[in-house]
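Beneath this line is the structure, given in structure tokens, with notes to follow.
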Amino acid sequence: MVPATRAVFRELLRRELEERYRGSLLGAAWLVLLPLLQLAVLAWVFGQLMPARAHAGTLPYAAFLALGLWPWNLFANAANRGVTALTDNAALIGKVAVPHTLYVDARVAASVAVDLAGFVLVLAVLLAFGVGLAPWGLPGAAAGLAVVAVYALAAARLLAVLQVFLRDIAAVIGQLLVLGFFLTPILYDRSLLPAAAAKWLALNPLVAPVETVRRALSGDAPDWVALGLSLAVGAVLLLLANAFFRRARSHLEDFL
Amino acid sequence: MTALPLVEAVGLAKRYPVLGQRGDRASALWDVLRGRKPRRVVSVLEGVGFQVYAGESLAIIGENGAGKSTLLKLVTGVLTPSEGHVHTRGTVGALLELGAGFHPELSGRDNVRLSAALHGMDADALAAKLPEIEAFADIGAYLDEPVKHYSSGMVVRLGFAVIAAVRPALLITDEVLAVGDEAFQRKCIRWLDEYLASGGTLLLVSHSLYHVQKLCRSAIWLHEGRVAAQGDVFEVSQRYLAAQEARLKGESAAPASLAQPEYSVESVTINGVAGNGAVVVAAGGQVVQDVVLRSRDGRAPVMLNGWVRGDGTPVYGVSSEMDAVPAQALGDGCFRFRLCFDALPLLPGSYRLRASALDTEGLRLFDTLDREISVTGQAREYGTVRLPHRWLGPGE
Numbered sequence: 004m005v006p007a008t009r010a011v012f013r014e015l016l017r018r019e020l021e022e023r024y025r026g027s028l029l030g031a032a033w034l035v036l037l038p039l040l041q042l043a044v045l046a047w048v049f050g051q052l053m054p055a056r057a058h059a060g061t062l063p064y065a066a067f068l069a070l071g072l073w074p075w076n077l078f079a080n081a082a083n084r085g086v087t088a089l090t091d092n093a094a095l096i097g098k099v100a101v102p103h104t105l106y107v108d109a110r111v112a113a114s115v116a117v118d119l120a121g122f123v124l125v126l127a128v129l130l131a132f133g134v135g136l137a138p139w140g141l142p143g144a145a146a147g148l149a150v151v152a153v154y155a156l157a158a159a160r161l162l163a164v165l166q167v168f169l170r171d172i173a174a175v176i177g178q179l180l181v182l183g184f185f186l187t188p189i190l191y192d193r194s195l196l197p198a199a200a201a202k203w204l205a206l207n208p209l210v211a212p213v214e215t216v217r218r219a220l221s222g223d224a225p226d227w228v229a230l231g232l233s234l235a236v237g238a239v240l241l242l243l244a245n246a247f248f249r250r251a252r253s254h255l256e257d258f259l
Numbered sequence: 006m007t008a009l010p011l012v013e014a015v016g017l018a019k020r021y022p023v024l025g026q027r028g029d030r031a032s033a034l035w036d037v038l039r040g041r042k043p044r045r046v047v048s049v050l051e052g053v054g055f056q057v058y059a060g061e062s063l064a065i066i067g068e069n070g071a072g073k074s075t076l077l078k079l080v081t082g083v084l085t086p087s088e089g090h091v092h093t094r095g096t097v098g099a100l101l102e103l104g105a106g107f108h109p110e111l112s113g114r115d116n117v118r119l120s121a122a123l124h125g126m127d128a129d130a131l132a133a134k135l136p137e138i139e140a141f142a143d144i145g146a147y148l149d150e151p152v153k154h155y156s157s158g159m160v161v162r163l164g165f166a167v168i169a170a171v172r173p174a175l176l177i178t179d180e181v182l183a184v185g186d187e188a189f190q191r192k193c194i195r196w197l198d199e200y201l202a203s204g205g206t207l208l209l210v211s212h213s214l215y216h217v218q219k220l221c222r223s224a225i226w227l228h229e230g231r232v233a234a235q236g237d238v239f240e241v242s243q244r245y246l247a248a249q250e251a252r253l254k255g256e257s258a259a260p261a262s263l264a265q266p267e268y269s270v271e272s273v274t275i276n277g278v279a280g281n282g283a284v285v286v287a288a289g290g291q292v293v294q295d296v297v298l299r300s301r302d303g304r305a306p307v308m309l310n311g312w313v314r315g316d317g318t319p320v321y322g323v324s325s326e327m328d329a330v331p332a333q334a335l336g337d338g339c340f341r342f343r344l345c346f347d348a349l350p351l352l353p354g355s356y357r358l359r360a361s362a363l364d365t366e367g368l369r370l371f372d373t374l375d376r377e378i379s380v381t382g383q384a385r386e387y388g389t390v391r392l393p394h395r396w397l398g399p400g401e
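Sequence order for the protein chains is A and B.
Numbers in our numbering are just positions in the first sequence, counted from 1, shifted up by 3.
Numbers in our numbering are just positions in the second sequence, counted from 1, shifted up by 5.
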């Protein structure tokens, strides 16, 4: 069977997006409202409730947090949703011969698109409120986000296949992502950590892209070497995930 | 055009890994990672091979669990064979399950879009075909409702409508004609007939030998994952039926034979006239139906009476079990029932008086014997039966 791969991908993507807020009163408006609400909560908690400062920079803490949180969410949401991409579509996989990666890729694409749109919106709002962001850092930020996306895709493909064999993965991954959240400099700046801890943190390949986004947008020069290294690791991970996917491909239906 | 087969299957085998215990999945994953074959397997299909050329149609028959659906899944490429290979050419449309992959929350229209894309239709082709799909499915405004509100019949309609619009070179269906109302089934059969006549190729799984013989020219009979017979559809289905009957016979202790049913109608005498000929009765006259039934195991049968118009329209029917009337034993496995209709209310015309033999429980019908009755007389009323009636005067 020769499915129109591009049309299938588009339909799967549309389905992923439509499913998200189906049946809710506001529907697609949530795509806009949710990031704004999230930002408002951050601004209120860290601006009014317990005023915090992360580092010596000029950014208000809420903005500092937002610049790290959205890139991280780009990865975490895609990984978290991607885990069940194959098991959720078991009915379809058992009936129609379509490249299995489409299901995972469509889900990752939908998740990334939503988070990316949210991030852009948040940046616009921050700018509108007079937060001193650096617009010329946008290319650097985009590079950082692209690396995050590579990790998101690799993680989703790998985890989705694992989940088919071992249904425990989805349960574990939620907690691992919480751990990852704290092991990535999102709430804090790496320079505030004790030197010993900061060194170990560099082993987390997501540190470089997340920091790149933040540094670029707050007007600092990104650490291109670190980002390049991270990209290399991410690319290897993606290749591994693909190889694993190919190897498991012919067995997937037996376990779904 | 070269005479390459549309489908070519050689030595197909499918073995599923055993996943009974908790650790099985983990060890299976370990096997996959190392590229090894799973250790414990159940074999579903072994050594199946066949070819289907363009314009041919092949039916796959067999009992439940014989591996029919697995075979279709191997052909569509949804499953990967454990051994052997299958090769298909041209577009393949598969209806493996009604509304396969229809998402219950999404509307019919959204699902049609995905389904069409899965069958290889791009957006432009779909836009052109959408009116045709709507017309074929004929579910009206339901098209924009979530599929979870559909009846199973509507899901089939929509699923089949997409396939009908895609018009693949090879169509694979798994027992989908069984659902849907009679009118829609007839529509599908008509479409399939026309599809086959115009050079379409069909791979069909069905338990309905009627459909199988009507639509296909060759057949494969699968038994416990292996080919039991292969070839001309009539030959294969007859052998399959014979095997089914032999099995049924083995299951029921009583030696049954088709030639003589367990309960049969021995004779029907109407108003003293024996034989099979027509009987003339005057309208409003008396009819006595004297029926002798034979029971092979000596258990008393139930008799079912029926009045049928000449054109087959049922008029009235009653059984001895409804009226709790016992059979009169005549000895030697024969039982007699006598049923009398005083003042027959039927209007003049030709009728058939039917007598059927049912088992003791009154559940299964074994034998039927009809006799023609013409009701004579003159009547200016309309219809079949004179209903008791009276006209009311002004003071009533």
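Quick reminder that beta carbons are idealized off the backbone N, C-alpha and C, glycines included.
Asked, Found
"Chain-ordered residues of the stretch 221 to 249 of chain A with a beta carbon less than 7 Å from chain B", "none"
"Nearest-angstrom beta carbon gap, A:Pro63 and A:Gly71 [assumed within contact, 8 Å]", "The pair is not a contact, with the Cβ atoms about 13 Å apart (cut-off 8 Å)."
"C-alpha distance - B:Ser325 paired with B:Ala332, whole-angstrom precision", "8 Å"
"Cβ neighbours of A:Ala109 in the same chain (closer than 7 Å, five flanking residues each side left out)", "Phe12, Leu15, Leu16 and Glu19"
"Chain A within 8 Å of B:Ala261, Cβ atoms only", "The pLDDT assigned to B:Ala261 is 42, lower than 50, so where the model puts this residue is not dependable, and the model offers no usable value."
"Cβ neighbour criterion (16 or more within 10 Å) applied to B:Gln294", "buried"
"B:His216 versus B:Ala33: straight-line alpha-carbon distance, rounded", "41 Å"
"Whole runs of the beta strand (DSSP E) within the stretch 83 to 120 of chain B, excluding any shorter than 3 residues", "88 to 93 and 97 to 100"
"Rounded separation between A:Leu40 and B:Ile194 - CA only", "56 Å"
"Short-range partners of chain B found in the stretch 89 to 121 of chain A, where Cβ spacing is below 9 Å", "Asn92, Ala94, Leu95, Ile96, Gly97, Lys98, Val99, Ala100 and Val101"
"Residue nearest to B:Ala362 in terms of C-alpha spacing, selected from B:Ile168, B:Ser48, B:Arg395 and B:Ser300", "B:Ser300"
"Touch test, the stretch 92 to 103 of chain B against the stretch 131 to 138 of chain B, Cβ-Cβ under 8 Å, three pairs minimum", "no"
"Contiguous beta strand (DSSP E) assignments of at least 3 residues, all confined to the stretch 31 to 69 of chain B", "46 to 57 and 62 to 67"
"In chain order, each beta strand (DSSP E) run of at least 3 residues that lies wholly inside the stretch 311 to 368 of chain B", "319 to 324, 333 to 336, 339 to 346 and 354 to 363"
"Residues, ordered as in the chain, of the stretch 10 to 30 of chain B that lie near chain A by beta-carbon distance below 8 Å", "Tyr21, Pro22, Leu24 and Arg30"
"Inter-residue spacing [alpha-carbon to alpha-carbon] between B:Ser211 and B:Leu11", "21 Å"
"Straight-line Cα distance separating B:Tyr147 from A:Ala219", "52 Å"
"Given 8 Å, three or more beta-carbon pairs between the stretch 160 to 174 of chain B and the stretch 31 to 49 of chain B", "no"
"Start-to-end residues for the alpha helix (DSSP H) that takes in B:Trp2", "The structure shown does not extend to residue 2 of chain B, since chain B is modelled only from 6 through 401, so no value can be given for it."
"Where B:Arg231 falls: helix, strand or coil (DSSP)", "strand"
"Interface residues of chain B facing A:Pro11 [CB-CB closer than 8 Å]", "The amino acid at residue 11 of chain A is misidentified as Pro; the sequence shows Val. Within 8 Å Cβ-Cβ: Leu119, Ala122 and Leu123."
"Nearest candidate by alpha-carbon position, reference B:Glu229, set B:Arg41, B:Val46, B:Glu199 and B:Glu51", "B:Glu51"
"Contacts that B:Val37 makes with chain A (C-beta to C-beta distance below 7 Å)", "Arg250, Ala251 and His254"
"Cutoff 7 Å; reference B:Cys221; Cβ partners in own chain excluding five residues on either side", "Ser62, Leu63, Ala64, Leu207, Leu209 and Val238"
"Residues near B:Gly437 in its chain [Cβ-Cβ closer than 7 Å; skip 5 each side]", "Coverage of chain B is limited to positions 6 through 401, which leaves residue 437 of chain B absent and any answer about it impossible."
"Other residues of its chain near A:Asn76: CB distance less than 7 Å, five sequence neighbours each side excluded", "Asp118"
"Own chain residues within Cβ distance below 7 Å of A:Val274, not counting five before or after", "No statement about residue 274 of chain A is possible, as the shown extent of chain A runs from 4 to 259 and does not include it."
"Residues in the stretch 70 to 82 of chain B having any Cβ partner in chain A nearer than 8 Å", "Lys78, Thr81 and Gly82"
"Buried versus exposed, by CB contacts within 10 Å (16 or more), B:Tyr387", "exposed"
"Per DSSP, cross-strand counterpart(s) of B:Gly236", "B:Ala224"
"Contact the stretch 9 to 24 of chain B vs the stretch 39 to 59 of chain B: 3+ CB pairs below 8 Å", "yes"
"B:Leu208: first and last residue of the uninterrupted beta strand (DSSP E) it sits in", "Thr206 to Val210"
"Contact with chain B by A:Arg25, beta-carbon distance below 8 Å", "yes"
"Beta-carbon spacing of B:Ala128, A:Ala10 below 8 Å", "yes"
"Proximal residues to A:Ala79 (C-beta, below 8 Å), its chain only, five neighbours per side dropped", "Leu180, Gly183 and Phe184"
"Contact with chain A by B:Asp316, beta-carbon distance below 8 Å", "no"
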